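Q: I'd like to ask you about the structure that follows.
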Amino acid sequence: MTFHQRHGLQPVINARGSFTPLGVSRSSPQVAHAAAEALGQFVVMDDLQAVLSERVARSFGAEAACATHCVAAAITLAVAASMTGDDATRIAALPSTDGLPNRIVIPAGHAVDYGHPILTDIRLAGATPVLAGSERGCDTAQLEAALAAPDVACLLLVSSRLVRGEPVDLAAAVAAAHRRGVPAIIDGAAQDWRIDALLATGADLVLVSAHKYLASPTCGLIIGRRRLVDACRAQERGIGRAMKPTKEAMVGVLAALDERQRIDVDAWRDEQQRKLQAFIARADVLNGLEAVELPDPSGMPFSRLALTVLPSHPLASATRLAEALRRGEPPIWVMEHAAADGVLILELVALRDDEVHAIFERLLQLGRAADPGQR
Ligand SMILES: *Cc1c(COP(=O)(O)O)cnc(C)c1O
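Residue numbers for the sequence shown follow the numbering used here, so the first one is 47 and each next one is one higher.
Right under this line is the structure:
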């Protein structure tokens, strides 16, 4: 019996990337073993946090780090920490922010929705988001205007392919926050390959989902200045209780970091290119589709596959093709955010060759003829 049969679940091919509704990522056997071993042990959780802090800080040249349930939690806790510091009374009072600076500045184009609105993470701490600039962009002057308001607690920036408008110069934005005397926090949830680059902007805290490309059990990492990291940890006696990390996740993160350290990055990158280029090289037999390489817009070290659905395709629509892929056996999920422009985007990073092959075969079949009953 397969895993899916045993649990009465449907297998699925996930070409949609580190997508939470599909289980985000696949841990390696070594990471799974480390997490399983932790499940059978008692540990002093503060000691485990200290070990993780030391390990993460050493890897990325930061002062300190801590683990939390996920990055949604890390955003709420980092916002809380920027309002309360380590003051026990203020921490216990949250989400009431009476008497505290509680406005959180965020560029308008960074108010992303990654499954829910990031503004909800801010509000959960009792804070009030303040949007700077517009959807089209946010320059340093617009940011400074928003930061000049009274009661500002911190600047929140997002590094993600989900941001909209002209790119914000992160280092300049961080410098603007520091001129105003407030910390700058970067949500780099899916940017675990770029932690060094995000810390190099001068950001006080960088938040990363270890379960995305690092492929650990679900765990958020808060990395940066010790004083703020400690203030995030202190929230566990207040709103943070519901956001705590598990021992198995933290031990899984340590194993995943060991694995990442051992990786030959050039070889890894070559392997991703091989998978992608093998697909593209054969794609001229796919009727009504055009396949090209799409580099990651945020600078992650891999590309995705962009499939343009031409009018000559039997389904003649990217949305209908995505639906047909999802209706098949097993369902195939792809990125649909560009479907209105006739483009489906596929991420192959986490997929085995047999899964990439299955996607190719399905596309071949769907390009031959539309099922008239489904039009
Ligand atoms: C995935 C994601 C999050 C949420 O991360 P979780 O660890 O799943 O809570 C936050 N921000 C961005 C930009 C993301 O991509």
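Backbone N, C-alpha and C define an ideal beta-carbon position, used for all residues, glycine too.
Treat the numbers as computed from the prediction; the structure is a model and nothing was measured.
(1) Taking S255 as part of the beta strand (DSSP E), name the residues at either end of that continuous run.
(2) With H, G and I counted as helix, E and B as strand and the rest as coil, what does DSSP make of D233?
(3) Could you check whether the Cβ of C278 sits closer than 7 Å to any heavy atom belonging to ligand 1?
(4) Report buried or exposed for G63, applying the criterion of at least 16 other Cβ atoms within 10 angstroms of its Cβ.
(5) Looking at the strands, I want to know which residues DSSP matches up with W379.
(6) Taking just the CA atoms, how far does A192 sit from V425?
(7) For a test of the three-state rule: what should DSSP assign to D316, helix, strand or coil?
(8) L361: which of W379, D342, L335 and P343 sits nearest, CA to CA?
(9) Using a Cβ-Cβ distance cut-off of 8 Å, determine whether C116 contacts chain D.
(10) Following the continuous beta strand (DSSP E) through E336, name the residue where it begins and the one where it ends.
(11) From V389, A404, S128 and A249, pick the residue whose C-alpha is nearest to that of F325; which is it?
(12) Could you check the C-alpha separation between V102 and E294 for me, to the nearest Å?
(13) Report yes if the CB atom of L392 is closer than 8 Å to the CB atom of A173, and no otherwise.
(14) Quick one: residues in its chain with C-beta nearer than 7 Å to the C-beta of F106, no 5 flanking neighbours on either side, listed in chain order?
(15) Pull up the DSSP beta-bridge partners for I268, would you.
(16) Whole angstroms are fine: how far does the CA of A337 sit from the CA of A370?
(17) Taking the straight line between their C-alpha atoms, what separation do you get for A110 and R271?
A: On the basis of the coordinates in this document:
(1) L251 to S255
(2) strand
(3) no
(4) buried
(5) N60
(6) What is shown of the chain runs 47 to 421, which leaves residue 425 out entirely.
(7) helix
(8) L335
(9) No chain D is present in this structure, which holds just one protein chain.
(10) L335 to P341
(11) A404
(12) 16 Å
(13) No, they are not a contact pair.
(14) I241, D242, L245 and I269
(15) C112 and L253
(16) 18 Å
(17) 6 Å
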